[in-house]
Amino acid sequence: ILECLKLYKIDSNIITFIQNSMGMWKTNLEVDSKPIAQVNIKCGICKGDALSPILFCIGLNLLSQIISKSEYGYPFRSGTRISNLLYMDDIKLYARSERDIDSLIHTTRIYSSDIGMTFGLEKCGRMVSKRGKMIRTEGIDSPEGNIGDIQDSYKYLGIPEANGNHEEAARKSTTTKYLHRVRQVLKSQLNGR
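Quick look at the structure:
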């Protein structure tokens, strides 16, 4: 994290502050709402404050830049090429071929390992399609285990996606969730009435 801050030319006073703060990160362990111990956090990012998501994104943004600069990606007719979408800890990789997507997965896995982040296979999936049709494969083997094919559909940022056009279903799902949340706010004391 500190190396990434230096790469992004963050002011040295801020880097020193973050470095000193990281050395003081602690958390309390509780059982049945009773504190039992205080534990120092020696690696990773402390969760629960405003700075942590920013530090996490700074650490992962470099991965997005590395992937974007690679020759891999999915080209559009307009000449634009997309290789990844990154939002917080969700990354979606795009490539022209099965070999290319496997290379991007390998790059992501190596980068994750280098920064000390575990590769959560339970959330990983791979989809290979040719001419709009999904191709079944045996997945890709990695030291952490096999990354299997996505079965029919999946969620990215909570929105259902699949091979093919499912925009209407995604729109309905998003609208329903949005209206539900608006109703919750209106029922609460946050509505200003």
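With full-length UniProt numbering, letter number 37 in the sequence shown gets 37, and the count goes up by one each step, no holes.
Heads up, the beta-carbon is just placed ideally off N, CA and C, and yes, glycines get one too.
The model shown is predicted, which means the values in this text are computed figures rather than measured ones.
Using only the alpha-carbon positions, how far apart do residue i and residue j sit?
| i | j | result |
| --- | --- | --- |
| residue 47 | residue 29 | 14 Å |
| residue 9 | residue 130 | 42 Å |
| residue 114 | residue 144 | 14 Å |
| residue 190 | residue 182 | 11 Å |
| residue 16 | residue 55 | 14 Å |
Spatial neighbours of residue i within its chain, please: CB distance less than 7 Å, with the 5 preceding and 5 following residues excluded, ordered by chain position.
| i | result |
| --- | --- |
| residue 32 | none |
My output table needs one value for residue i: the three-state DSSP class, helix, strand or coil.
| i | result |
| --- | --- |
| residue 53 | helix |
| residue 89 | coil |
| residue 74 | strand |
| residue 68 | helix |
| residue 99 | helix |
| residue 1 | coil |
Would you say residue i reaches chain B, if we count a Cβ-Cβ gap shorter than 8 Å as a contact?
| i | result |
| --- | --- |
| residue 177 | Looking for chain B here will not work: only one protein chain is present. |
Which partner residues of residue i appear in the DSSP bridge assignment?
| i | result |
| --- | --- |
| residue 129 | 134 |
| residue 28 | 38 |
| residue 13 | In the DSSP output, where bridge partners are listed per residue, residue 13 has none listed. |
| residue 145 | 142 |
| residue 81 | 75 |
Using 8 Å as the threshold, is the C-beta distance between residue i and residue j below it?
| i | j | result |
| --- | --- | --- |
| residue 59 | residue 4 | yes |
Could you pull out every residue in the same chain whose Cβ sits closer than 6 Å to the Cβ of residue i, ignoring the five residues on either side in sequence?
| i | result |
| --- | --- |
| residue 102 | 140 |
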